[in-house]
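Residue numbers for the sequence shown, in our numbering: 45 to 656.
Positions of the beta carbon are idealized from the N, C-alpha and C atoms, including for glycine.
Every value quoted in this text rests on a predicted model; they were computed, and no experiment measured them.
Below: the structure, in C-alpha cells.
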Amino acid sequence: MEISPKKTTGFNLDNYDLKIAEENPEKFWEKIASELYWFKKWEKVVEINYPFHKWFIGGKTNIVYNCLDRYMNTWRKNKVAIYWEGENYERKTLSYFDLYKEVNRLANALKNLGVKKGDRVVIYLPRIPEQIISMLAVAKIGAVHSVVYAGFSSQALRDRIMDADAKVIITADGYYYRGKVRKLKEIVDDAIKDLNINKVIVVERLGIDVDMKNGRDIYYNDAVKGMSYECKTEVMDSEDILFILYTSGTTGKPKGVVHVHGGYMVGVYATTKLILDVKDEDIYWCTADPGWITGHSYIVYGPLLNNATILFYEGAPDYPNIERWWELIERYRVTIFYTTPTALRYFKRFGEEPILKHDLSSLRLLGTVGEPINPEVWLWFYKTIGRENCPIVDTWWQTETGMHVVTTYPNMKMKPGYAGKGIFGIKADVADENGKILNPGEKGYLVIKNFFPALMRTIYKNEEKYKSYFRHGLYYAEDYAVKDEEGYIMILGRSDEVIKTSGYRLGTFEIESAILTHEAVAEAAVIGKPHEIKGEIIKAFVVLKEGYKPSEELKESIRKKVREVLGPIAVPAEIEFVDSLPKTRSGKIMRRVLKARELGLPLGDLSTLEED
Ligand code: WTA
C-alpha cells in the first residue's frame with residue numbers, strides 16, 4: 045500500500061537540494077555543518093581509515109555552544125526551550141535563557157567539585173529538567189556524560205560506572221512513576237557501596253529522607269548555590285568525546301557507544317530539521333527518555349540545536365488514566381509527535397473514544413522509532429491520531445548510528461510497514477552474511493555501505509567490538525530486512541541476541557546474568573517471544589539447583605531479584621522451569637532452539653540466516 049502525504053505549508057527540506065546529498069554526501073554535510081557555529085572551521089570534511097572514520101577534521105566547536113550560547117544575543121534567547129510536566133501535574137517552563145543559566149551554574153559547580161575536561165560523569169536521573177541540564181553542563185565543560193536510564197537498577201548502574209571509570213554521579217532522591225515512589229539514591233548507594241566515587245550530586249525531586257555520605261554526597265541545590273550564571277564553554281575538537289551510551293549487544297556486558305562533538309552534532313541537527321521538520325513555531329514532543337539514544341538525539345541535542353520548543357513529560361503514558369498523552373497534546377498544542385510502536389499498539393486497544401475526546405488538530409507530523417511498526421498500527425496512527433493530515437516518518441536507526449538512517453522524507457510517498465530508504469546519500473541495503481547484496485524480496489541483513497558524521501567512533505575501551513560491526517566492507521546493523529522493487533526497506537527485527545521489549549534494548553546475556561544471581565538458579569536462558577503490544581516479551585527458561593522445587597513463589601522471587609539487580613524493564617514476563625537447556629557441543633546455549641520450540645516452528649525457519 046502507498047500513501048502520499050498531503051501537501052502542507054512546506055517542509056524545511058524544500059530549501060535543500062537533496063540531489064547534492066545523493067551525488068556528493070560530503071558536500072551536503074559540509075553545507076549543513078556550516079549552519080552551525082565553529083570556533084575554528086574544519087580543514088577536511090572526512091577522513092577514513094577503514095573501519096575508523098573522522099569528520100570535520102581540525103574543526104573546533106562545542107555542541108552546547110550551538111544548543112544554547114549562540115542564541116544569547118538574539119531574540120531566540122527568550123524562546124521557550126522546555127515545557128516540563130511532572131507526573132503529578134507539576135509544571136515548569138524554561139526559556140533558552142533560563143536553561144543557559146541553569147546549565148552554567150551546574151557547569152561551574154561541577155568544576156568546583158573537581159570535574160575536568162575528559163572526565164566521565166554518570167547521570168542517573170528521571171525525566172526532570174535537571175536530566176537535560178546535567179547533560180549539557182557536563183558537555184559544556186568538556187567532560188563526557190554517560191546517562192543511565194532510571195529504569196535500570198544497581199547492577200546495571202554499577203557496570204556502567206565501572207566501565208567508564210566515572211568518579212562523579214548525578215542522581216535524585218527518587219521520582220514518581222505510575223503514582224509510586226522509586227527511590228533512586230538507595231539504588232546508587234547499593235551500586236557504589238565498595239567503589240571509589242568522589243561525588244554524588246543529589247537532586248531533591250521528592251524531598252524524601254536519604255542517606256547522605258559525608259564528604260561524598262551533596263544536594264544539587266547546595267552544589268549550585270552561589271555559582272555564577274556565566275561559564276565559559278570549553279573549546280572542543282570535532283573528534284573529542286561528547287558522550288558514552290551503553291547498549292546491549294550479542295554477548296557480554298553492555299558496550300559503551302562513543303559519540304563526539306562534531307559529527308554527532310551535525311547529524312542530529314540535520315535530521316531533526318529535515319526529517320522531523322522541526323520549525324520555530326512547533327511544539328515538539330518526543331516521548332522517549334534521555335536515558336536512551338532517542339532521548340539524547342531527539343529530546344535533547346537535535347531539538348536544542350534547532351532552537352525548538354520541547355515538551356518534556358516525566359511520567360507514565362497511562363497515568364492516572366489512558367487519556368494522559370492526548371491531554372498533553374491538547375494542552376500544549378503539540379505539532380510534532382514522535383513515539384514508539386509499542387505505545388501505539390497499547391493505546392489502540394482502548395479504541396478511538398479516549399482519543400476523539402481530545403482536540404489533536406494541532407498535529408502536523410508524526411514519527412515512530414525503536415521497533416518495526418505493523419501496517420495496521422501504522423494506519424491507525426495515521427487515521428486516528430493524525431486524522432489523515434500528517435505524514436508519518438518511520439525512522440530506523442540505532443544507538444550506534446546516533447541519528448536517523450533509514451526513513452522517508454516527510455514529503456515522500458509512504459508505505460506502511462516499510463521504514464523507507466537511506467537518507468542524505470547514506471546507502472542502506474540488504475545483504476547476505478557474505479556481503480552479497482540481495483535482490484528485492486530476498487530476506488537478509490540490513491547493511492550500510494558508507495560512513496556518515498554521526499556514526500559512532502568506537503566502543504569505549506573496546507576497539508575489537510567496534511571493528512566487529514564491519515564485515516565484507518559493510519556495516520552490519522544486526523537487523524533482518526527486505527527491500528521492495530523501489531528500494532524501500534522493511535525491517536524484520538534483530539538478528540542477534542538482543543531483545544526489543546517495549547522498544548527497550550536488552551541483551552539476553554544481561555538478563556540471564558541477573559537471573560543467575562538468584563540462589564536457586566543453576567542455569568538460565570532467555571528469549572524474546574513475540575507479543576501483540578510490546579513487540580517482544582522476555583521469556584526465561586530456568587534450571588534449578590538441586591534441592592529447589594519449581595513453584596509460583598520461586599518465579600516471583602526470581603522476578604524480584606531481576607528487578608533489583610537489572611531493573612523493572614528487564615523482568616521476564618514468563619518463566620518456565622526446565623530440566624536442562626539445549627546446548628552446542630562446545631556448551632553454548634542454543635537459544636534459537638528454545639525459541640523455535642516455544643513458537644512451534646520448524647528449526648530450519650530460524651536457522652537459515654544464522655550461523656552457529
Ligand atoms: C530497532 C533506537 C524497525 C532495530 C533508536 C535497531 C527499528 C534497534 C526502528 C536499535 C524502526 C529502531 N523500525 N526497527 N523504525 N528503529 N529499530 O539502539 O532493531 O535502542 O537495530 O536505538 O531498534 O535500538 P536502539
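With 16 other CB atoms within 10 Å as the buried threshold, where does residue i fall?
i      : result
Asn152 : buried
Thr383 : buried
Arg260 : exposed
Met116 : exposed
Trp119 : exposed
His516 : exposed
Ser48  : exposed
Pro574 : exposed
Glu654 : Confidence at Glu654 is low in this model, with a pLDDT of 42, below 50, so its placement is unreliable and no value can be given for it.
Ala566 : exposed
Arg204 : buried
Lys84  : exposed
Thr105 : buried
Leu239 : exposed
Tyr81  : exposed
Glu396 : exposed
Asp58  : exposed
Asp255 : exposed
Ser557 : buried
Ile417 : buried
Pro616 : buried
Tyr94  : exposed
Ser78  : exposed
CA-CA distance, residue i and residue j?
i      : j      : result
Ala235 : Asp326 : 41 Å
Asp250 : Lys229 : This sequence places Leu at residue 250; Asp is not what is there. Roughly 11 Å separates the two Cα atoms.
Pro69  : Lys605 : 49 Å
Phe585 : Gly311 : 41 Å
Met456 : Met534 : 16 Å
Met634 : Trp128 : 46 Å
Lys392 : Asp61  : 38 Å
Ser630 : Ile126 : 54 Å
Ser406 : Lys257 : 49 Å
Pro402 : Leu157 : Note that residue 402 corresponds to His in the displayed sequence, not to Pro. One C-alpha to the other measures close to 48 Å.
Glu580 : Thr502 : 29 Å
Tyr453 : Ser624 : 50 Å
Gly306 : Ala498 : 8 Å
Val246 : Arg222 : 22 Å
Pro170 : Lys237 : 21 Å
Gly194 : Gly359 : According to the sequence displayed, residue 194 carries Ala and not Gly. C-alpha separation (whole angstroms): 12 Å.
Pro460 : Ile613 : 28 Å
Ile185 : Glu278 : 5 Å
Tyr273 : Phe141 : 10 Å
Leu409 : Leu536 : 24 Å
Arg389 : His562 : 33 Å
Ser657 : Leu588 : Outside the displayed span of the chain (45 to 656) sits residue 657, for which this structure offers no information.
Trp329 : Ile399 : 17 Å
Met458 : Asn132 : 38 Å
Val450 : Asp207 : 31 Å
Leu201 : Val232 : 8 Å
Tyr342 : Ala564 : 42 Å
Glu529 : Phe495 : 25 Å
Lys297 : Thr552 : 10 Å
Glu374 : Pro435 : 19 Å
Glu486 : Tyr462 : 15 Å
Val302 : Glu596 : 42 Å
Lys480 : Ile470 : 18 Å
Tyr144 : Asp113 : 7 Å
Leu645 : Ile571 : 14 Å
Gly300 : Gly293 : 10 Å
Return the Cβ separation of residue i and residue j in integer angstroms, given the expectation that the two are a contact with Cβ distance under 8 Å.
i      : j      : result
Ala314 : Phe468 : 7 Å
Gln199 : Leu610 : 6 Å
Ser539 : Asp523 : 6 Å
Ile213 : Val166 : 5 Å
Ile582 : Ile543 : 6 Å
Met179 : Pro334 : 7 Å
Is any beta-carbon of chain B found at less than 9 Å from that of residue i?
i      : result
Ile555 : As a matter of chain content, chain B is missing from the structure shown, which is built from one protein chain.
Entirely within the region 104 to 182 and at least 3 residues each: give me those beta strand (DSSP E) ranges in chain order.
-> Along the length of the region 104 to 182, whole beta strand (DSSP E) runs at least 3 residues long occupy 124 to 129, 135 to 139, 164 to 168, reported in chain order.
Please specify which runs of the beta strand (DSSP E), each continuous and at least 3 residues long, are wholly inside the region 568 to 634, giving them in chain order.
-> Segments of the beta strand (DSSP E) lying fully in the region 568 to 634: 579 to 588, 618 to 621.
Ranges of the beta strand (DSSP E) found wholly within the region 512 to 537, counting only runs of at least 3 | Runs found: 518 to 527.
Please specify which runs of the alpha helix (DSSP H), each continuous and at least 4 residues long, are wholly inside the region 338 to 374, giving them in chain order.
-> Those alpha helix (DSSP H) runs which fall completely within the region 338 to 374 and span 4+ residues are 346 to 349.
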